[in-house]
Amino acid sequence: MEPLSSFFAVSVILLGIGIYGLTTKRNAIRILFSVELIYNAANLNIIAFARLRNPPIVTGQVLVLFTIALAAMEAAVGLSIIILVSRLNAEIDLSKLSKLKG
Amino acid sequence: MALLSLTPFLSLAVFGLLATPAGFLRFRKSKLGLAPFVCILGLAIALVSTVWLGFTSPSPVSFGGLQVDLFTLFFSGVLLIVAIFVTVASLQNMREDPNKGPFFGLLLLSTLGMIVLAASMDLILLYVAWELMSIPTYALTAFRKKDPNSNEAAMKFFVLSALSSALIVYAISLVFGITGSTGLTAIASSLSTAGPDVRPFGVLAIVLFIVGFGVKMAVVPFHMWIPDAFEGAPVTIGAFLASGAKMAAFAAAFRVFIVGIFAFNVDFYSTFAIVAVVTMSVGNVAALMQKSFTRLLAYSSIAQAGYILMALATPFTTTSVPLGLAGGLFHVLNYAILKTAAFIAAAAVATKLSVTDLDSFNGLSRRMPQTSLSIAVIFLGLAGVPPLNGFFSKVMLFTGSIYSPYSWGGYLALAALINSGFSMSYYGWVIKRMYFDEPGDESRIPEPRIYMVVLWAATILIFVIGLYPDPWIRLVQSAAAALVGSRGS
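So the protein sequences, as listed, match chains A and B. Numbering of the first sequence is given in this note's numbering, commencing with residue 1 and proceeding in unit increments. Numbering of the second sequence is given in this note's numbering, commencing with residue 1001 and proceeding in unit increments.
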């Protein structure tokens, strides 16, 4: 198998695992994991596309640096929200949080 | 001076960073502190410079991926009006809060992200702006740290919103892989010559873009976070999410699809048409069944997103005036004003009655006459009753859809028309409750003065746009032309 398609195959598998996790798991931390998996699938994609292109282009590496930094920020804010919720409810299971309904 | 075109962005960035430390300073012994005034000053400078730029230098100025043209300035104006309404209304409900600095600072930085989103012509900048818009809104939704509702809303909002960002990055990675570029014009020229072997990747990228933007635009079936987030978030932040973040997501979708992806020979127009019809139908039917006022507003905002999506379902040639697109932009303006005002009216009722279920609206016109009057005007505007502003944008959207080159264009317009008529049922029902039902308690309620200032300003704006639509229609037509003009030649 040529390198580009194997990288892409791994990335699609990661995307699939991420979407599977998002749809089946209800624990907030696990959902955050799944989202991070999708981010990393995209990063792998971008790096592979940028490196294996002929000639290689550096835009991809720049883009990946941005996504890594921003995904980390998003995860930090998300984790702090999860901490807030767990302090008040002692529960981070999304299906058991149901004050807002109607 | 080309650099002057950056004034709105720079003003928001500088004042946004100043607002947080300013929160620790006191201002003339008032309880509010300095932060809100720094915030309003920054927004006012940005709005004035946006209007000034729109009149003096309407030709596009480009700074790499950031393009300041009439489309950018139009969205900048709309989003700044929303931000000013939200900030002024927040003076009321943030009065007792000790953390005013971060609140107003985050509000400004999120607004900056929205405006940069409308200006971005490069996918890297688009993603950075997307996160600059999103991350502060998570924190703002969770701002009531001790309130379990606020936390739960923030968590539900965060999960779906983080998913949308991740999917957008994946879509960007695919587009980058196909074209080897992140600039939208370069992407368009590369996509127009793309071979059939990259077609599946392109289709996957389009689907992921629709899902990613769709979560923020709250189209069905990605709308589930909207009612929870709007109900749990601090009341004025509900308005900010409903009008600001949602309209900015539309700006990003317009840029990506109309400037970049259109060149790829895939029929995404009919996908948007189906999504639009499903979104407006589900939103309207669900709104009819709600028992709480904020949830009714949330579902009605889902339905309105369906109307705006019709703009993306209407293809056009570069030679003709894109009527559907202009109508979509006009509806963005009208929706933003109407929805912000509606949420602030809900806040006024909620702070005084501490409930927002629809039964408490019985006979409200005798208890809170100003609020009731503005709710009635806003609801008639949302339903699209002439001569209020919602009427003209809907007419433009529906007409644009009828003239679309697709044979289903007329059916789309018909579905939207039926939906629009159907929506009158729940809007009218609330008005009937306020004006014709007997209140359980006759006592007059003092109406919060700051909310009333915002509501009167919004009501006047609704009437001005509705009675003198001509200049506004010219504005949205030139904004739509600017968007089409930002396509590469």
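Even glycine gets a Cβ: it sits at the ideal position worked out from N, Cα and C.
Nearest-angstrom Cβ-Cβ length linking residue i and residue j, presumed shorter than 8 angstroms
{"i": "VAL1220(B)", "j": "VAL1278(B)", "result": "5 angstroms"}
{"i": "ILE68(A)", "j": "TYR1170(B)", "result": "Their Cβ separation, rounded to whole angstroms, is 14 angstroms, which puts ILE68(A) and TYR1170(B) out of contact at 8 angstroms."}
{"i": "LEU1174(B)", "j": "PHE1257(B)", "result": "15 angstroms between Cβ atoms; not a contact."}
{"i": "ILE81(A)", "j": "TYR1138(B)", "result": "6 angstroms"}
{"i": "ILE1172(B)", "j": "LEU1123(B)", "result": "5 angstroms"}
{"i": "PHE1264(B)", "j": "GLY1202(B)", "result": "5 angstroms"}
{"i": "LEU1163(B)", "j": "LEU1132(B)", "result": "Between LEU1132(B) and LEU1163(B) the Cβ distance is about 18 angstroms, and since that is not below 8 angstroms, they are no contact."}
{"i": "ILE1168(B)", "j": "GLY1212(B)", "result": "4 angstroms"}
{"i": "ALA1458(B)", "j": "SER1423(B)", "result": "Not a contact, Cβ separation roughly 20 angstroms."}
{"i": "GLY1244(B)", "j": "VAL1082(B)", "result": "5 angstroms"}
Exposure label - residue i; buried when at least 16 CB within 10 Å
{"i": "LEU3(A)", "result": "According to the sequence provided, residue 3(A) is Pro. The question's Leu does not apply to it. Classification for PRO3(A): exposed."}
{"i": "GLY1064(B)", "result": "exposed"}
{"i": "PRO52(A)", "result": "Sequence inspection shows Leu at residue 52(A); the Pro mentioned does not correspond to that position. Exposed, since its Cβ has fewer than 16 Cβ neighbours within 10 Å."}
{"i": "SER1270(B)", "result": "exposed"}
{"i": "PHE1024(B)", "result": "exposed"}
{"i": "THR1314(B)", "result": "buried"}
{"i": "PRO1227(B)", "result": "buried"}
{"i": "PHE1055(B)", "result": "exposed"}
{"i": "GLY1195(B)", "result": "exposed"}
{"i": "MET1289(B)", "result": "exposed"}
{"i": "ILE1115(B)", "result": "buried"}
{"i": "PRO1008(B)", "result": "buried"}
{"i": "LYS1246(B)", "result": "buried"}
{"i": "ALA1431(B)", "result": "Sequence check: residue 1431(B) is Ile here, not Ala. By the neighbour-count rule (16 or more Cβ atoms within 10 Å), ILE1431(B) is buried."}
{"i": "THR1371(B)", "result": "buried"}
{"i": "TYR20(A)", "result": "exposed"}
{"i": "GLY1421(B)", "result": "exposed"}
{"i": "ASN1099(B)", "result": "exposed"}
{"i": "GLY18(A)", "result": "buried"}
{"i": "ASN1389(B)", "result": "buried"}
{"i": "ASP1441(B)", "result": "exposed"}
{"i": "ARG1474(B)", "result": "exposed"}
{"i": "ALA1287(B)", "result": "buried"}
{"i": "ASN54(A)", "result": "exposed"}
{"i": "ARG87(A)", "result": "exposed"}
Contact set for residue i: own chain, Cβ-Cβ below 6 angstroms, skip 5 residues either direction
{"i": "ALA1480(B)", "result": "PRO1322, LEU1325, ALA1326 and LEU1329"}
{"i": "ALA1276(B)", "result": "GLY1306, LEU1309, MET1310 and ALA1313"}
{"i": "TRP1225(B)", "result": "LYS1156, PHE1157 and LEU1160"}
{"i": "GLN1304(B)", "result": "TYR1335"}
{"i": "ALA1298(B)", "result": "ILE1226, PRO1227 and PHE1230"}
{"i": "PHE1240(B)", "result": "VAL1086"}
{"i": "VAL1282(B)", "result": "VAL1220"}
For residue i: DSSP bridge partner residues
{"i": "SER1374(B)", "result": "DSSP, once it has assigned bridges, lists no residue as partnering SER1374(B)."}
{"i": "VAL1063(B)", "result": "The question names Val, yet the displayed sequence has Phe at residue 1063(B). The partner list for PHE1063(B) (beta bridge, DSSP) reads LEU1066(B)."}
{"i": "GLY1183(B)", "result": "ASP1122(B)"}
{"i": "SER1292(B)", "result": "ASP1357(B)"}
{"i": "ASP93(A)", "result": "ASN27(A)"}
Sequence-distant residues of its chain with Cβ nearer than 7 angstroms to residue i (five each side left out)
{"i": "GLY102(A)", "result": "Residue placement at GLY102(A) is flagged as unreliable, the pLDDT there being 48, under the threshold of 50; a coordinate-derived value is accordingly withheld."}
{"i": "GLY1260(B)", "result": "LEU1184, ILE1187 and ALA1188"}
{"i": "VAL1051(B)", "result": "GLY1077"}
{"i": "ARG1444(B)", "result": "ARG1367"}
{"i": "ALA1142(B)", "result": "SER1150, ASN1151 and ALA1154"}
{"i": "GLU1447(B)", "result": "ALA1348, MET1368, GLN1370 and THR1371"}
{"i": "THR1182(B)", "result": "ASP1122, LEU1123, ILE1124 and PHE1176"}
{"i": "ASN40(A)", "result": "LEU14"}
{"i": "MET1396(B)", "result": "LEU1323, ALA1326, GLY1327 and PHE1330"}
{"i": "THR1351(B)", "result": "ASN1093 and PRO1448"}
Residue i: CB within 6 angstroms of a non-hydrogen atom of the ligand NAP
{"i": "ALA1171(B)", "result": "The model depicted lacks the ligand NAP and carries no ligand whatsoever."}
8 angstroms Cβ shell around residue i - same chain, five flanking residues per side excluded
{"i": "ASP93(A)", "result": "ARG26, ASN27 and ALA28"}
{"i": "PHE49(A)", "result": "LEU4 and GLY60"}
{"i": "THR1179(B)", "result": "ALA1186, ILE1187, SER1190, LEU1191 and ALA1194"}
{"i": "LEU1080(B)", "result": "PRO1008, LEU1043, ALA1046, LEU1047, THR1050, THR1111 and ILE1115"}
{"i": "ILE1084(B)", "result": "ILE1040, LEU1043, ALA1044 and LEU1047"}
Mind the definition here: the stretch 1107–1127 of chain B touches the stretch 1352–1370 of chain B only if three or more C-beta pairs lie below 8 angstroms; say whether that holds. No: fewer than three Cβ pairs fall under 8 angstroms.
For the pair the stretch 1447–1466 of chain B and the stretch 1086–1093 of chain B, tell me if three or more CB-CB distances fall below 8 angstroms. yes
With contact counted as at least three CB pairs below 8 angstroms, one residue from each stretch, are the stretch 1002–1018 of chain B and the stretch 1036–1050 of chain B in contact? yes
Does the stretch 62–79 of chain A come within contact of the stretch 30–46 of chain A, defined as at least 3 CB pairs closer than 8 angstroms? yes
Between the stretch 1066–1077 of chain B and the stretch 1431–1443 of chain B, are three or more C-beta pairs nearer than 8 angstroms? no
When the Cβ atoms of the stretch 1409–1421 of chain B are set against those of the stretch 1455–1471 of chain B, are three or more pairs found closer than 8 angstroms? In short, these stretches do not touch, since the Cβ pair count stays below three.
Three or more C-beta pairs under 8 angstroms: does that hold for the stretch 1329–1341 of chain B against the stretch 1417–1428 of chain B? Counting Cβ pairs under 8 angstroms, fewer than three are found: no touch.
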